[in-house]
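Each protein sequence line maps, in turn, to chains A and B. Here the first sequence stands for residues 1 to 361, numbered as in the numbering used here. Here the second sequence stands for residues 362 to 490, numbered as in the numbering used here. Note that the Cβ used here is the ideal one computed from N, Cα and C, for glycine as well. These notes are about the structure you will find just below.
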Amino acid sequence: MKKTPLYEIHKNLGAKIVEFGGWMMPVSYSGVLDEHHAVRNKMGMFDVSHMGEVLVTGPQALDFLQYLTSNDVASQKIGQCQYNLLMNEKGGLVDDIIVNRVAENEFFICVNASNTDKDFEWMKSHSSKFNVTVENQSAAFGQIAIQGPLAKKLINRKNCSLDEADVGHFYFSKAILYGVPVTLARTGYTGEDGFEIYTAADQTAKVWNALLEEGKPAGLIPCGLGCRDTLRLEMAYPLYGHELNDEITPLEAGLGWVTKLQKGDFLGREILIAQKEKGVSKKRVGFIMQEEAIARADYSIFNGEEKIGWVSSGTFSPSLDKKIGCGYVDAKFSSIGTIFSIDIRGKKKKAEVVSTPFYRK
Amino acid sequence: MNCPEDLKYTKEHEWVRLKGNIATLGITDYAQDQLGDIVFVELPEEGEEVEKGDTFGVVESTKSVSDLYLPVSGKVIEVNDPLLDSPEIVNEDSYGEGWMIRIEMDDKTELEDLLSAEEYEAFIKEEAE
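What follows is the structure, given as structure tokens:
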């Protein structure tokens with residue numbers, strides 16, 4: 001099992017530790033609900049050092065990424081972060097990623113923890129046709145996320161070479177934070193304002209401890225993977241392995257907005273063009289339970305006796321006080337307001353398709 | 362971990378309070394702590410006939426579903442309805458207000474398999490190692 005640089009700190013903070021994607025990670029400290037509400041109302045801090053970092057450089061780095069991904073990397077400004085999808089030739093998804101454009105032909109990519117090796121091997125295997133270098137730098141980095149309406153106050157001229165106002169939404173910048181060189185990205189997986197902070201692995205603890213000391217009096221608490229999941233699901237953000245896998249296409253997943261078919265050729269493009277023309281046969285939806293039960297991943301969705309889909313994720317939403325979930329259903333059952341039923345351990349319980357995100361400020 | 366002396370326990374982390382022919386069941390302090398915040402409890406209907414070893418419901422956290430097991434057979438005579446609206450009571454008071462169901466027992470010899478507080482404490486110590 002892998003451990004992040006902050007493992008001992010989590011144990012000392014009394015975290016419950018769980019295995020996730022090959023890593024021993026904190027699932028909660030003070031409780032999932034407490035941490036969830038802290039992020040929505042004040043601020044919370046997450047150890048996301050398990051995420052992977054891949055560097056792509058070289059004269060054809062842009063062409064290479066344009067070919068492997070669905071979004072238009074050419075339109076991405078230097079200093080900008082872009083949510084993107086690593087594609088396969090079937091039109092399916094290898095991973096969902098954040099690409100940070102450091103220079104014309106230099107890209108720093110954040111990938112899912114559970115897919116780091118897979119993504120790196122995939123990118124390497126396609127790199128021979130391009131003048132490009134792909135490096136897996138994951139071991140060199142630690143990463144901390146501060147999220148919540150107050151999180152931005154933690155990046156100020158007293159502790160940092162930049163002020164939060166210097167880094168706009170979905171932009172990133174190098175900075176010095178508590179004397180440590182970092183990359184500050186105005187990104188996150190919670191639906192709240194905040195930063196994802198990349199550090200050298202051996203500096204992660206210093207930054208974490210300093211942020212906790214500074215932020216604690218104003219309400220900052222450490223937060224684990226438990227509330228990371230309830231927060232992201234309230235926003236209907238996809239999680240690879242649940243909403244996304246190598247068979248599901250971006251159009252089925254509701255990710256048409258990061259799929260730029262006009263940008264030029266990319267892996268799977270022909271399949272997507274055909275799918276767009278024909279219409280998708282299945283679609284991701286968000287639903288709220290209409291009967292008392294929580295739907296879980298892989299439960300079947302029914303219209304009467306007919307199976308029409310499956311649940312990809314489900315949980316209790318602390319901010320809405322409702323049972324919510326996402327799933328895939330036959331396209332004709334995907335309209336807002338559709339009622340279907342979900343087999344919850346042998347009993348069918350009603351749910352209603354709603355617009356997403358579930359949570360709005 | 363808190364394990365009241367006057368209760369009996371199971372290896373599935375349930376407790377049993379016995380009064381004459383009636384068994385009251387719930388989950389232990391250790392169990393609620395392991396589960397974290399409980400957000401949903403599913404319990405049987407009053408009047409249901411139940412068998413030792415069967416499940417009588419589930420207790421859920423945001424991420425997980427845990428089955429609840431019957432240590433005795435009998436008839437469900439009372440269900441703690443407030444738990445359906447306020448599942449957090451199980452976290453707050455697992456041995457008191459967090460009780461789940463009451464059963465009129467068929468066969469009191471089934472109680473012989475239950476653990477004492479001491480035996481249960483030793484069991485959870487072993488599990489933690």
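Could you tell me the alpha carbon to alpha carbon distance between residue i and residue j, rounded to whole angstroms?
i       : j       : result
Y237(A) : L379(B) : 48 angstroms
S427(B) : S125(A) : 43 angstroms
N84(A)  : T204(A) : 26 angstroms
G191(A) : A297(A) : 22 angstroms
Q395(B) : V102(A) : 44 angstroms
S28(A)  : M45(A)  : 11 angstroms
Q147(A) : A293(A) : 29 angstroms
L244(A) : T315(A) : 17 angstroms
Q82(A)  : W460(B) : 50 angstroms
G346(A) : Y299(A) : 10 angstroms
L239(A) : L267(A) : 21 angstroms
W376(B) : A331(A) : 48 angstroms
G304(A) : I339(A) : 10 angstroms
N71(A)  : S114(A) : 22 angstroms
L184(A) : G309(A) : 40 angstroms
F172(A) : D193(A) : 14 angstroms
K282(A) : S434(B) : 46 angstroms
Looking at the secondary structure, which residues open and close the alpha helix (DSSP H) in which residue i lies?
i       : result
E192(A) : Run containing E192(A): none; DSSP gives neither H nor E here.
W208(A) : T204 to G215
P443(B) : P443 to D446
L68(A)  : A61 to L68
L396(B) : D390 to L396
V39(A)  : V32 to N41
W122(A) : T116 to S125
R232(A) : L225 to E234
Q275(A) : R269 to K278
A440(A) : With chain A running from 1 to 361 in the structure shown, residue 440(A) is simply not present.
Y328(A) : Segment K322 to D330 is the beta strand (DSSP E) holding Y328(A); no alpha helix (DSSP H) there.
K11(A)  : Y7 to N12
A489(B) : A478 to A489
V451(B) : E449 to E453
Take the Cβ of residue i as the centre, count every other Cβ of all protein chains shown within 10 Å, and call the residue buried at 16 or more, exposed below.
i       : result
D398(B) : buried
P26(A)  : buried
R157(A) : exposed
W208(A) : buried
H50(A)  : buried
A38(A)  : buried
P5(A)   : buried
I221(A) : buried
G215(A) : buried
T470(B) : exposed
A404(A) : Because chain A in this structure spans residues 1 to 361, residue 404(A) falls outside the shown range and cannot be described.
Counting only Cβ pairs nearer than 9 angstroms, list the residues of chain B close to residue i.
i       : result
G226(A) : G397, D398, S422, T423 and K424
Could you pull the start and end residues of the beta strand (DSSP E) that residue i belongs to?
i       : result
S28(A)  : W23 to S28
D343(A) : I339 to I344
K174(A) : F172 to L177
Y83(A)  : C81 to M87
F108(A) : E106 to V111
N303(A) : S300 to N303
Y430(B) : V426 to Y430
Q147(A) : F141 to Q147
M45(A)  : G44 to D47
M289(A) : K282 to M289
Who are the neighbours of residue i on chain C, taking C-beta pairs under 7 angstroms?
i       : result
F417(B) : No chain C appears in the structure shown, which is made up of the protein chains A and B.
What residues from chain A crowd round residue i, counting only those whose CB sits closer than 7 angstroms?
i       : result
L475(B) : Under the 7 angstroms cutoff, chain A gives no residues; its nearest Cβ is about 27 angstroms from L475(B).
Anything in chain B within Cβ reach of residue i, meaning under 8 angstroms, just list it in chain order.
i       : result
D229(A) : T423 and K424
Counting only Cβ pairs nearer than 8 angstroms, list the residues of chain A close to residue i.
i       : result
F401(B) : E292, A293, I294, F316 and K323
Please list, in chain order, the chain A residues whose beta carbon lies closer than 9 angstroms to that of residue i.
i       : result
L445(B) : E292
Less than 7 angstroms between the CB of residue i and some heavy atom of the ligand SAH, yes or no?
i       : result
G264(A) : In the structure on display, the ligand SAH does not appear, and there are no ligands present to speak of.
- Task: Compile a chain-ordered list of the residues in the stretch 292-308 of chain A whose CB is closer than 9 angstroms to at least one CB of chain B.
- Result: E292, A293, I294 and R296
- Selection of the stretch 9-33 of chain A by Cβ proximity to chain B, strictly under 7 angstroms: K16, S28, G31, V32 and L33
- Item | Interface residues of the stretch 311-345 of chain A facing chain B [CB-CB below 7 angstroms] | T315 and F316
- Pull out every residue of the stretch 42-65 of chain A whose Cβ sits closer than 7 angstroms to any Cβ of chain B, in chain order. none
- Query: When you check each C-beta in the stretch 114-148 of chain A against every C-beta of chain B, which residues fall closer than 7 angstroms?
  - Reply: none
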